[in-house]
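Novice:
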Amino acid sequence: MRSIHEEDLINSYFQSLTKFLLNQPLLKYFAFSLFAVRLIASVPTPWEKAESENLPPAIVFKDYTPAVVPNGSTAKYKIVDGVKVFHLIAEPIEWEVAEGLKIKTWGFNGSVPGPMIEVAEGDKVRIYVTNKLPAPTTVHWHGVLIVCGMDGVAGLTQPAIPPGETFLYEFIFPDAGTFMYHPHFDTMTQEGMGLTGMILVHKREPERSKRPDRDFAIMLSEWNIDVGTSRPNTLKKDFNILTMNGKVMPATEPLVAEIGDTVWVRYGNLSAMDHHPIHLHGYSFKIIGSDGGWAEDKSILLPETTVLVPVGSAKVIEFVANNPGDWIFHCHMTHHTMNQMGHNFPNMVGMDVCDFNEKMNKLIPGYKTLGTKGMHDMTKSGLPIPPNSIPMLGFAGQFGHTTLGGMANVLRVREKTDHYKDPGPYAFPKGTIAGPATKAELMRDNIEVDCK
Ligand SMILES: [Cu+2]
Numbered sequence: 365m366r367s368i369h370e371e372d373l374i375n376s377y378f379q380s381l382t383k384f385l386l387n388q389p390l391l392k393y394f395a396f397s398l399f400a401v402r403l404i405a406s407v408p409t410p411w412e413k414a415e416s417e418n419l420p421p422a423i424v425f426k427d428y429t430p431a432v433v434p435n436g437s438t439a440k441y442k443i444v445d446g447v448k449v450f451h452l453i454a455e456p457i458e459w460e461v462a463e464g465l466k467i468k469t470w471g472f473n474g475s476v477p478g479p480m481i482e483v484a485e486g487d488k489v490r491i492y493v494t495n496k497l498p499a500p501t502t503v504h505w506h507g508v509l510i511v512c513g514m515d516g517v518a519g520l521t522q523p524a525i526p527p528g529e530t531f532l533y534e535f536i537f538p539d540a541g542t543f544m545y546h547p548h549f550d551t552m553t554q555e556g557m558g559l560t561g562m563i564l565v566h567k568r569e570p571e572r573s574k575r576p577d578r579d580f581a582i583m584l585s586e587w588n589i590d591v592g593t594s595r596p597n598t599l600k601k602d603f604n605i606l607t608m609n610g611k612v613m614p615a616t617e618p619l620v621a622e623i624g625d626t627v628w629v630r631y632g633n634l635s636a637m638d639h640h641p642i643h644l645h646g647y648s649f650k651i652i653g654s655d656g657g658w659a660e661d662k663s664i665l666l667p668e669t670t671v672l673v674p675v676g677s678a679k680v681i682e683f684v685a686n687n688p689g690d691w692i693f694h695c696h697m698t699h700h701t702m703n704q705m706g707h708n709f710p711n712m713v714g715m716d717v718c719d720f721n722e723k724m725n726k727l728i729p730g731y732k733t734l735g736t737k738g739m740h741d742m743t744k745s746g747l748p749i750p751p752n753s754i755p756m757l758g759f760a761g762q763f764g765h766t767t768l769g770g771m772a773n774v775l776r777v778r779e780k781t782d783h784y785k786d787p788g789p790y791a792f793p794k795g796t797i798a799g800p801a802t803k804a805e806l807m808r809d810n811i812e813v814d815c816k
């Protein structure tokens, strides 16, 4: 045994040696590098952590309440040896954007966007991807923190899937969140043709009262489809069809909620070029999550009425349905609530074209100049439109024609609901609807109106 004195001497020797070595620049760098590597190595990745937890496959309703995909569907799966097995097929499809407009495009499992992959944190999956496209492809799991070789970037993390081949992706979903999937091979073309999909990973929450009552998922996309054509032009950078889950107003299925419900709406945006500020009427909400994670403390979040969903991101909003009615929600970029609008025309608003119309009618009977009162007269012009195209805007509301198409939808909030079934137009309480001002009202408030 060494004496205390000897121990002191040895310790002091090692301290001096360490001090000397750390004062040598190269050795200092080496020591710090070793320290950093050790630190990094001691922090498990999210997927390593999830693998070590080794949770069984989550059970719908017991572990989470499934979300609703308006106009869309959820991907089917089977469980094999504790793993949820999915099959995505990328293929040419025909897709109806709204009545009157069918397009020839590409989708997963017959739809645009593809079916939503819905699982829970800790679920292990095997996802088979069959390529029935004429081009190679891959699938990238946008926002999901997985092992690098499953990331789906052609050339970088895997060879592209050749036409006719099936590849297998196998990983674990480590975190609850809102994510997306899309090809990472010729992304401009393939995403632009509609090869997109949402991924919802639920938190495992045994207490139903802690889950949202209504949970909706909506993918935002944009297309260039020339009037009378049926193939999206992915080379163009301006867009005339703006969709929510592959549909434009008036084909978008309304969201239905009951008074008192906690509602989540999860938006994903895989448009080519545009961010979409989605505005909801009648409510303020909080943006509680994104494809990067969740707000840690909801109480400090700013209340909002518009959520900006940038390209390549997902946002989750939360509100309590406490205001009954039919509430529109729509992209606030006004050109995004129009269908198949041309952009190469002069501004006709306010022009007097009576003489011009008379002259033109002698040459072309029935001629009418449109656009002098804005866009509404175009919707109601009664003029025939080219086959396979849809009017620029609007749907028939209970008070007339709305001048809103494209990226728009309605939230219908009722005292009682029949689950998610469309309850039809809102029955407004008497005396709560804006209408013509009576003479008595004008006089009461001393409003002078000079109408000629
Ligand atoms: Cu928009």
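Okay, so the sequence shown: first residue is 365 according to our numbering, each after it adds one.
Just so you know, even glycine gets a beta-carbon here, dropped at the ideal spot from N, CA and C.
Please read these numbers as outputs of a predicted model, since none were measured by experiment.
1. Evaluate Gln704 with the Cβ neighbour count: other Cβ atoms within 10 Å of its Cβ, from every protein chain shown; 16 or more gives buried, anything less gives exposed.
2. Does DSSP classify Ser573 as helix, strand or coil?
3. Any heavy atom of ligand 1 within a distance shorter than 7 Å of the CB on Met583?
4. Express the C-alpha separation of Glu482 and His696 in angstroms, rounding to a whole number.
5. Phe683 and Val774 look like a contact to me (Cβ under 8 Å); what is the Cβ gap, rounded to whole Å?
6. Report the CB separation of Phe543 from Asp427 in whole angstroms; it is logged as a contact under 8 Å.
7. Could you tell me which residues DSSP puts in a beta bridge with Ser585?
8. When you compare only the Cα positions, how much space is there between Gln522 and Pro547?
9. What residue ranges within the segment 483 to 541 form continuous beta strand (DSSP E) runs of no fewer than 3 residues, ordered along the chain?
10. Measuring from the CB of His643, is there a heavy atom of ligand 1 at a distance below 7 Å?
11. With DSSP run on the structure shown, which of helix, strand or coil describes Leu806?
12. Output the residues surrounding ligand 1, defined as those with a CB atom closer than 6 Å to any ligand heavy atom, in chain order.
13. Give every residue of the same chain whose Cβ lies closer than 8 Å to the Cβ of Asn411, excluding the five residues on either side of it in the sequence, and list them in chain order.
14. Give the single residue among Pro527, Phe649, Lys600 and Gly769 whose Cα lies nearest to the Cα of Ile664.
15. Specify the secondary structure class of Ala410 as computed by DSSP and reduced to three states.
16. Are Ala678 and Gly610 closer than 8 Å when you measure CB to CB?
17. Return yes when the C-beta of Phe425 is under 7 Å from any heavy atom of ligand 3, and no when it is not.
18. Evaluate Lys794 with the Cβ neighbour count: other Cβ atoms within 10 Å of its Cβ, from every protein chain shown; 16 or more gives buried, anything less gives exposed.
19. Consult DSSP for Gly556 and reduce its assignment to one of helix, strand or coil.
20. Three-state secondary structure (DSSP) at Glu417?
21. Within 10 Å of its beta-carbon, does Arg578 have 16 or more other beta-carbons around it, so buried, or fewer, so exposed?
Specialist: This is what the structure gives:
1. buried
2. helix
3. Result no, Cβ not under 7 Å from ligand 1.
4. 29 Å
5. 15 Å between Cβ atoms; not a contact.
6. That pair is no contact at about 18 Å.
7. Thr607
8. 12 Å
9. 488 to 495, 504 to 506 and 530 to 536
10. no
11. helix
12. Selection output, chain order preserved: Leu606, Asp638, His640, Cys695, Met697, His700 and Met771.
13. Here residue 411 is Trp; the residue named in the question, Asn, does not match the sequence. Non-local beta-carbon contacts of Trp411 in its own chain, meaning distances under 8 Å to residues more than five positions away in sequence, involve Leu509, Ile510, Val511, Phe535, Ile536 and Pro538 in chain order.
14. Phe649
15. A small fix is needed here, since residue 410 is Pro in this sequence, not Ala. In this structure, Pro410 counts as helix in the three-state DSSP scheme.
16. no
17. Judged by which ligands are present, ligand 3 is missing from the structure shown, whose ligands are ligand 1.
18. Lys794 comes out exposed.
19. When secondary structure is reduced to three states using DSSP, Gly556 falls in the helix class.
20. helix
21. buried
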